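A.B. asks: Read left to right, the sequence shown gives residues 929 to 1201 (my numbering). C-beta atoms are modelled at their ideal positions from N, C-alpha and C, and glycine is treated no differently. No experiment lies behind these values; they were computed from the predicted model shown. Following this message is one structure expressed as structure tokens.
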Amino acid sequence: MASIPDDKAPQLGLTIYGAGVVNPYKVVIMAEELGIQYKYVNLDMSKGEATSDWFVGSINPNGKVPAIVHTKEDGTSVTVFESAACLLYLSHEFDKENKFSYAVGTSEYWTQLSWLSWQISGYGPMLGQAAHFNRYTPEPVPYGVWRYTAEARRLHSVLEKRLSTSPYVGGDHLGVADFAVFIYAHSAKWCGVNIEEWPHVQAWHDALLQRPAFQRALKVPALYPFSDTAVSDPENQDFYLGVRKWGTQGIKAMTESWKGEAVSLPSDHANYE
């Protein structure tokens, strides 16, 4: 197993592994809200550091960010990957008073967990697909644009209904579900939708954006590049042209070795007739 470079090795306490992409910001937001001291290791995605032998071998076998390592005073450590698992770990270890969660086993806890699961299973992946087909495909794919933009809009309507009756996504106070959902709502235009169509979502987003911890977190490791304001700035479009070209090339390169024909079935192509 390759050894971890000294400058990227976990330190005593909390170490967050991330990059200037969407999901790591969730974890930094929660760490900032909790006032946790942490070391942030910014992986260079253009150099493939997330898929390097040391990272895959020691930190995250899936080769993605975020991941965290919590090194305790007794020398033991816990490594956690996937954003929701990281949020739940921070809640368990650093939020004993349930400031941003609820007591495990209560109905409120399960409601919060349901909304967190909604984000990681639906809201995030579907907005990610919308962003892919709207911003990253090397050629137009009209069906993909239609399908995932429509689903992104449907999911925003679900969130709108929730926030019309609840002050926060997970319940009656700010919590892990809000941290998870916020960063995608903050990236809505990049994914092809405008949250101004959903006034409760817009108001909730804008209120969270005013929180000092959110403002600090959105600068780690650099100012978050996919906010609605940033991607709409006409003076900064050269940057996003580069992001789209790099993203297209990077996605193709990462998946090239895994390409293959779909397993055929007798019913194939019936839906085309």
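Under 8 Å, with one C-beta from each stretch per pair, do the stretch 1138 to 1153 and the stretch 955 to 965 reach the 3-pair mark?
C.D. replies: yes
A.B. asks: Would you check if the distance between the CB atom of Thr1007 and the CB atom of Ala995 is smaller than 8 Å?
C.D. replies: In this structure, Thr1007 places its C-beta atom within 8 Å of the C-beta atom of Ala995.
A.B. asks: Spatial neighbours of Ser1011 within its chain, please: CB distance less than 8 Å, with the 5 preceding and 5 following residues excluded, ordered by chain position.
C.D. replies: Asn951, Pro952, Lys954, Val955, Pro994, Ile1048 and Ala1108
A.B. asks: Taking three-plus beta-carbon pairs below 8 Å as touching, is the stretch 939 to 948 in contact with the stretch 1143 to 1156?
C.D. replies: Verdict: yes, contact present.
A.B. asks: Is Asn1026 helix, strand or coil when you go by DSSP?
C.D. replies: coil
A.B. asks: By a C-beta neighbour count over all protein chains shown, 10 Å radius and 16 as the cutoff for buried, is Asp1106 buried or exposed?
C.D. replies: Asp1106 comes out buried.
A.B. asks: Would the stretch 1032 to 1047 count as touching the stretch 1083 to 1101 if we require 3 or more Cβ pairs under 8 Å?
C.D. replies: Touching, per the Cβ criterion.
A.B. asks: So, helix, strand or coil for Val949, using DSSP?
C.D. replies: coil
A.B. asks: Extract the residue ranges of the alpha helix (DSSP H) inside the stretch 1047 to 1099, only unbroken runs of 4 or more that lie entirely within it.
C.D. replies: Runs found: 1052 to 1059 and 1070 to 1091.
A.B. asks: Alpha carbon to alpha carbon, what distance is there between Gly948 and Asp972?
C.D. replies: Distance between the alpha carbons of Asp972 and Gly948 is about 9 Å.
A.B. asks: To the nearest angstrom, how far is it from the Cα of Ala1198 to the Cα of Ala1190?
C.D. replies: 15 Å
A.B. asks: Excluding sequence positions up to five away, which residues of its chain have a Cβ less than 7 Å from the Cβ of Tyr1030?
C.D. replies: Glu1036, Tyr1037, Gln1040 and Gly1099
A.B. asks: When DSSP labels each residue in this structure, what does Ser1005 get in the three-state scheme?
C.D. replies: strand
A.B. asks: Specify the secondary structure class of Val1181 as computed by DSSP and reduced to three states.
C.D. replies: Checking the displayed sequence, the identity of residue 1181 turns out to be Ala instead of Val. Correct three-state label for Ala1181: helix.
A.B. asks: I need the straight-line Cα distance from Tyr1071 to Ala937, nearest angstrom please.
C.D. replies: 44 Å
A.B. asks: Could you pull the start and end residues of the alpha helix (DSSP H) that Tyr1112 belongs to?
C.D. replies: Where Tyr1112 is concerned, the enclosing alpha helix (DSSP H) starts and stops at Val1104 to Ala1113.
A.B. asks: Go ahead and label His1020 buried or exposed: buried means 16 or more other beta carbons lie within 10 angstroms of its beta carbon, across all protein chains shown.
C.D. replies: exposed
A.B. asks: Determine the DSSP secondary structure at Val1171, reduced to helix, strand or coil.
C.D. replies: helix
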